[in-house]
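Q: Quick mapping for you: the protein sequence lines, in order, are chains E and B.
Per UniProt numbering, numbering of the first sequence is gapless, rising by one per residue and ending at 133.
Per UniProt numbering, numbering of the second sequence is gapless, rising by one per residue and ending at 133.
Every residue, glycine too, gets a C-beta built ideally from N, C-alpha and C.
None of the values given here were measured: they were computed from a predicted structure.
One structure, pasted below without further comment.
Number of protein chains: 2
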Amino acid sequence: MEPQPTAVERLLSIRESIDNIDAALVHLLAERFKFTQTVGYLKADAGMPPSDPDREVQQIKRLRTIAAESHLDPDFTEKFLNFIVAEVIQHHVRIASGDDPTGPISTSGLSDSAASDSAASDSGARDSDGSPE
Amino acid sequence: MEPQPTAVERLLSIRESIDNIDAALVHLLAERFKFTQTVGYLKADAGMPPSDPDREVQQIKRLRTIAAESHLDPDFTEKFLNFIVAEVIQHHVRIASGDDPTGPISTSGLSDSAASDSAASDSGARDSDGSPE
Chain E
1 MEPQPTAVER LLSIRESIDN IDAALVHLLA ERFKFTQTVG YLKADAGMPP SDPDREVQQI
61 KRLRTIAAES HLDPDFTEKF LNFIVAEVIQ HHVRIASGDD PTGPISTSGL SDSAASDSAA
121 SDSGARDSDG SPE
Chain B
1 MEPQPTAVER LLSIRESIDN IDAALVHLLA ERFKFTQTVG YLKADAGMPP SDPDREVQQI
61 KRLRTIAAES HLDPDFTEKF LNFIVAEVIQ HHVRIASGDD PTGPISTSGL SDSAASDSAA
121 SDSGARDSDG SPE
């Protein structure tokens with residue numbers, strides 16, 4: 001019979017899982033900021049308003065439902081979305097003030113032609129973003 | 001030739017991607033809180049201190065590296081980890097004060113026997129947690 005893991009062994013194993021989850025979270029957040037960056041420039045190019053209160057209400061409602069189904073605190077989930085959106089807004093302000101080292105993604109002609117997916121992929125999301133999403 | 005999507009169509013498509021990412025984020029966060037809850041009770045049972053400053057230093061360093069590789073702002077990533085850890089601590093305080101409606105997960109015997117995975121799965125992470133991880 002195999003010996004059972006000690007508390008320390010069990011702790012180290014769970015920490016590996018937490019580390020895997022954290023890496024996945026960071027990668028997903030990186031993708032999310034790439035998308036919001038694209039949205040920001042897309043809206044600016046098309047003359048759409050940067051914020052959309054109805055969209056945010058829908059997002060909060062949807063995420064609270066998903067949270068409840070996943071046994072995650074819906075209030076925390078709403079705080080989490082607000083935390084992310086606050087960062088998106090900060091990026092937006094930086095772009096508006098011209099302090100966007102990566103420069104805008106070209107979305108010209110988006111109204112009548114498809115934006116290439118590579119436009120978003122080639123531009124780092126680190127220092128630029130668009131609008132609350 | 002297919003007509004190219006308009007700016008609005010492109011925006012709606014990106015929003016679908018953002019919504020998918022947000023759902024994944026919420027599910028991962030739910031899993032993370034389940035693990036930290038288990039860690040909290042595991043440590044309490046084994047008499048290990050709830051916090052581990054060395055562990056947190058390692059986590060920050062590792063996540064900043066992953067963030068840089070993913071073109072996500074490392075400072076934002078550190079803020080994000082602090083945001084999550086703050087919530088974990090809050091849950092911990094609630095447990096310590098006895099305000100933990102879901103009750104502790106049994107981890108008795110963990111020092112010399114494996115904890116069943118279902119112990120964590122059966123308990124919602126909504127209102128209880130363990131220690132900073």
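Could you give the distance in angstroms between the alpha-carbon of residue 36(E) and the alpha-carbon of residue 57(B)?
A: The straight-line gap from Cα to Cα measures roughly 30 Å.
Q: Leaving aside the five residues before and after residue 153(B) along the sequence, list all residues of the same chain whose C-beta is less than 8 Å from its C-beta, in chain order.
A: For residue 153(B) there is no data in the structure shown, the boundaries of chain B being 1 and 133.
Q: Does residue 78(B) get closer than 8 Å to chain E when you measure Cβ to Cβ?
A: With 8 Å as the cut-off, residue 78(B) does not count as an interface residue toward chain E.
Q: Could you tell me which chain E residues have their CB closer than 8 Å to the CB of residue 30(B), listed as they occur along the chain?
A: Those within 8 Å of residue 30(B) in chain E are 67, 70, 71, 72.
Q: So, with DSSP's three-state summary, where would you put residue 163(E)?
A: Residue coverage of chain E in this structure runs from 1 to 133, which leaves residue 163(E) outside it and unanswerable.
Q: For residue 147(B), which option in 13(E), 70(E), 86(E), 55(E) has the closest C-alpha, if you only look at C-alpha atoms?
A: For residue 147(B) there is no data in the structure shown, the boundaries of chain B being 1 and 133.
Q: Exposed or buried, residue 8(B), counting other C-beta atoms within 10 Å across all chains shown (16 or more means buried)?
A: Per the 10 Å Cβ criterion, exposed.
Q: At least one CB of chain E closer than 8 Å to the CB of residue 87(B): is that the case?
A: Output row for residue 87(B): interface = yes.
Q: Can you tell me the Cα-Cα spacing of residue 62(B) and residue 11(E), whole angstroms?
A: If you take the alpha carbons of residue 62(B) and residue 11(E), they lie about 19 Å apart.
Q: Between the Cα of residue 87(E) and those of 75(B), 87(B), 86(B), spot the shortest distance and give me the residue it belongs to.
A: Nearest option by C-alpha distance: 75(B).
Q: The region 16-27 of chain B: which residues have C-beta closer than 9 Å to a C-beta of chain E, in chain order?
A: Per Cβ criterion, the list reads 17, 18, 19, 21, 22, 23, 24, 25, 26, 27.
Q: Measure the CB-CB distance between residue 38(E) and residue 14(B) and report whether it falls below 8 Å.
A: Their beta carbons are under 8 Å apart, which means residue 38(E) touches residue 14(B) by this criterion.
Q: Since I believe residue 28(B) is in contact with residue 60(B) (beta carbons under 8 Å), could you give me their beta-carbon distance rounded to a whole number of angstroms?
A: About 19 Å separates the two Cβ atoms, so there is no contact after all.
Q: Could you tell me which chain B residues have their CB closer than 7 Å to the CB of residue 46(E), listed as they occur along the chain?
A: Per Cβ cutoff of 7 Å: 7.
Q: What three-state label does DSSP hand residue 51(B) in the structure shown?
A: Correct three-state label for residue 51(B): coil.
Q: If you check the beta carbons only, do residue 137(B) and residue 23(E) fall under 8 Å apart?
A: Residue 137(B) lies beyond the range of chain B shown here (1 to 133); nothing can be said about it.
Q: Contact criterion: CB-CB distance below 8 Å. Does residue 56(E) meet it with respect to chain B?
A: No, residue 56(E) does not count as interfacial toward chain B.
Q: Determine whether the Cβ of residue 12(B) lies closer than 8 Å to any Cβ atom of chain E.
A: No, residue 12(B) lies away from the interface with chain E (no Cβ there is under 8 Å from its Cβ).
Q: Does the Cβ-Cβ distance between residue 55(E) and residue 78(E) come in under 8 Å?
A: Result no, Cβ atoms of residue 55(E) and residue 78(E) do not sit closer than 8 Å.
Q: Are the beta-carbon atoms belonging to residue 72(B) and residue 30(E) less than 8 Å from one another?
A: Yes. Within cutoff.
Q: Please confirm if residue 108(B) has its CB atom under 8 Å from at least one CB of chain E.
A: In this predicted model, residue 108(B) has a pLDDT of only 41, less than 50, meaning its place in the structure is not dependable; the value taken from the coordinates is given anyway. So no, residue 108(B) is outside the interface.
Q: If you run the structure through DSSP and keep just helix, strand and coil, what is residue 132(E)?
A: DSSP places residue 132(E) in coil when its eight states are reduced to three.
Q: Please report the distance separating the alpha-carbon of residue 53(B) from that of residue 4(E).
A: Whole-angstrom Cα-Cα distance: 28 Å.
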